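Heads up: the structure comes next, in structure tokens.
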């Protein structure tokens, strides 16, 4: 509470008709707060400190009312009392600021329960906000204590390429300390041997490791002086970014008894050519992703890793003397390849028999579909997912002709496919679309990529797609996604009169969902108005309108970011 008063400022006025206004007393300035330390920190108040803050707020509010009464008296049309009026307004502003500071002390943010704070802290870590978890330590003593008493928060460290070298080293060192003996997930940059010296003593704790290798210097992390002392007892997943192979073998990760998931990307212009360049426990790997692999390297991986279930290969130029007969890999269920040209795709698929394959994706512009058909027949696999988004998209070629028979033959070989991704073309709509239910009876989700089609010539075909859906020709589909050219599909499907029926209602829904989304953004939570964030009720109102055609609801994607 305010216990002392400053010297009274007196304002002597010229004689006025009302004698009560001859001498007015301006309220004294606010005292130094007895809870000053709380005003300059974010610590929560003790009960007695909270009571003091409330009493100061109450007393200061009365002072503001006194100032308001004086302002009414002094605010005359003649302007003769401007100096006194300015003094009163200044004193009033002091009390407004004084109240604001003490309201911050009793604000709910200082009393958020510890379990809720921890949920927020973990969300920060999960979303990969690199700096914010460190900012938590600087908010207040309570937040710092809660964070430091929770080792799990510090068991994940993410590399920040924009942070200064010394800052990163300091944070890495502290994270390893704060995490204590918990399993670690580390994302680091291979700056120099200091990084290695910090990480290697904790190698037995690491379950996930991502290393961004240097661009202009040799790696010190991948080539330690000795690998005998490095034990990766818990390592399950490994990512190497910017790998560049020289004459030395990378063997530091060879002793990883639990390693199953590996991802490798190379520097620009660098190609992984031989499996011996990177020594890994291949026989136990279940997932491998590699960027710019020579064909022989990719096939050697499949031979050396019989337990592989998922592969993602970017295939570089073929070795001219490479020769390997077809072989069978019985565990692989997912395969995604991005070959540089059709010849590489053919050489790769022709050497494989994959009876357990469920998901196949081939990203290459211009692909002889017979290569894929032969591979599927040879493997006798039952695909549930097939993506050939660029397989026949060379529309610029004068000799281009839509391979209708090849498409029909290929689709007849995959009756169990549930998800299908193909290039969009007018010829596809005219010759293949309505045959989809009979060719692929299990199909539920169809994605058509329109990137290389001419929007003007494709508009009639898009309308045909809408009509086919409306007629029930594609009744087995649950989802049809037409990835177009930033052209509102409503302009192609609906007339303006049809659109006017629903536009106002959709705008209302959009505004409501936008308001709900803003309620979760910190910068809007400081606003004085409280939005209605009953999302369930909003969605119920939307779902109750069943008279709007589904095609219209899907015609225009709006993002609430």
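In the numbering used here, the protein residues as written are 7 to 567. Using N, Cα and C, we set each Cβ at its ideal position, and we do this for glycine too. Treat the numbers as computed from the prediction; the structure is a model and nothing was measured.
Residues near residue i in its chain [Cβ-Cβ closer than 7 Å; skip 5 each side]
i           : result
residue 191 : 161, 162, 213 and 214
residue 363 : 338, 339, 341, 385, 387 and 389
residue 532 : Because the pLDDT at residue 532 is just 45, under 50, the model does not fix this residue reliably, and the value given afterwards should be weighed accordingly. Closer than 7 Å at Cβ, skipping near neighbours: no residue.
residue 281 : 303, 306, 307 and 310
residue 158 : 188
residue 463 : 432
residue 11  : Annotation note: pLDDT 32 at residue 11 (below 50); position unreliable, coordinate value reported separately. Hits under 7 Å: 34.
First through last residue of the alpha helix (DSSP H) which encompasses residue i
i           : result
residue 90  : 88-111
residue 408 : Residue 408 -> no alpha helix (DSSP H), and no H or E assigned at all.
residue 68  : 53-80
residue 184 : 171-184
residue 434 : 432-437
residue 120 : 120-132
residue 420 : No alpha helix (DSSP H) holds residue 420; DSSP gives it neither H nor E.
residue 372 : From DSSP, residue 372 is part of no alpha helix (DSSP H); its letter is neither H nor E.
residue 443 : 442-445
residue 256 : Segment: none, residue 256 is in no alpha helix (DSSP H) and carries neither H nor E.
residue 480 : Looking at the DSSP string, residue 480 is not in any alpha helix (DSSP H), and its letter there is neither H nor E.
residue 236 : Taken as a continuous stretch (DSSP letters only), residue 236 belongs to no alpha helix (DSSP H), as it is neither H nor E.
residue 203 : 199-205
residue 153 : 147-154
Among the options, nearest to residue i - alpha-carbon criterion
i           : options               : result
residue 52  : 71, 237 and 113       : 113
residue 486 : 519, 511 and 428      : 428
residue 50  : 410, 301 and 108      : 108
residue 447 : 423, 455 and 466      : 423
residue 333 : 344, 358 and 347      : 358
residue 351 : 260, 295, 413 and 397 : 397
residue 298 : 230, 550, 479 and 347 : 347
residue 372 : 366, 349 and 391      : 349
residue 99  : 261, 249, 35 and 546  : 35
residue 237 : 445, 249, 244 and 260 : 260
residue 145 : 168, 121 and 115      : 115
residue 68  : 155, 455, 104 and 510 : 104
residue 226 : 201, 101 and 73       : 201
Residues bridged to residue i [DSSP beta-bridge criterion]
i           : result
residue 215 : 192 and 244
residue 272 : 249
residue 451 : 425 and 485
residue 317 : 294 and 341
residue 387 : Partner(s): none; residue 387 has no beta bridge.
residue 393 : 367 and 427
residue 513 : Paired residues: none, contrary to the question.
residue 278 : 299
residue 139 : In DSSP, residue 139 forms no bridge with anything.
residue 162 : 191
residue 333 : 358
residue 568 : This structure leaves residue 568 out entirely; the chain is present only between 7 and 567.
residue 284 : 256
Close-in-space but distant-in-sequence residues of the same chain around residue i (CB under 8 Å, 5 per side omitted)
i           : result
residue 149 : 48, 123, 142 and 143
residue 291 : 265, 266, 267, 268, 311, 313 and 314
residue 254 : 229
residue 550 : none
residue 242 : 213, 214, 264, 265, 266 and 267
residue 130 : 138, 139 and 142
residue 440 : 474, 479 and 480
residue 167 : 195 and 218
residue 56  : 111 and 112
Sequence-distant residues of the same chain with beta carbon closer than 6 Å to residue i, five excluded per side
i           : result
residue 193 : 164, 165 and 216
residue 147 : 49
residue 344 : 320 and 369
residue 111 : 44, 51 and 59
residue 284 : 256
residue 66  : 101, 104 and 105
residue 547 : none
residue 250 : 273 and 276
Start-to-end residues for the beta strand (DSSP E) that takes in residue i
i          : result
residue 44 : Element bounds for residue 44: not the beta strand (DSSP E) but the alpha helix (DSSP H), 42-45.
Nearest-angstrom Cβ-Cβ length linking residue i and residue j, presumed shorter than 8 Å
i           : j           : result
residue 300 : residue 279 : 4 Å
residue 488 : residue 430 : 7 Å
residue 392 : residue 426 : 6 Å
residue 204 : residue 246 : In fact, because the Cβ distance is near 18 Å, the residues do not count as touching under 8 Å.
residue 435 : residue 475 : So it is not a contact: roughly 12 Å between Cβ atoms.
residue 375 : residue 409 : 6 Å
residue 30  : residue 71  : Between residue 71 and residue 30 the Cβ distance is about 15 Å, and since that is not below 8 Å, they are no contact.
residue 3   : residue 442 : Nothing can be reported for residue 3, as the shown portion of the chain is limited to 7 through 567.
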